[in-house]
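Asks:
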């Protein structure tokens, strides 16, 4: 992360990788949810900031949304 910029695609890819590991049985649901929480918090914070900038309502990403094509 250069210049304090957050790369949302990389964060989302990390969270999806953890979710996929849970789907394949490498992690439990609770552990995967705890591991993705920091990623989702950062992503949602940036989403809220962008929504405020464009005066629209934010579409926050939940743990269950990682399985869908968002």
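Residue numbers (this note's numbering): 28 to 97.
All C-beta atoms, glycine included, are put in the ideal place defined by N, C-alpha and C.
Since this is a predicted model, take the numbers as computed values, not measurements.
(1) Under three-state DSSP, which class holds residue 65?
(2) Got a sec? Which residues, its chain only, sit under 7 Å from residue 94 by beta carbon, not counting five neighbours each side?
(3) If you run the structure through DSSP and keep just helix, strand and coil, what is residue 39?
(4) What do you get for residue 44, buried or exposed, if any count of 16 or more other CB atoms within 10 angstroms of its CB means buried?
(5) Using the beta-carbon count (16 or more within 10 Å), is residue 53 buried or exposed?
Replies: Judging by the given coordinates:
(1) Helix, per DSSP.
(2) Hits under 7 Å: 46.
(3) In the structure shown, residue 39 sits in a helix (DSSP, three-state: H, G or I).
(4) By the C-beta density criterion, residue 44 is exposed, having fewer than 16 other C-beta atoms within 10 angstroms.
(5) Exposed, since its Cβ has fewer than 16 Cβ neighbours within 10 Å.
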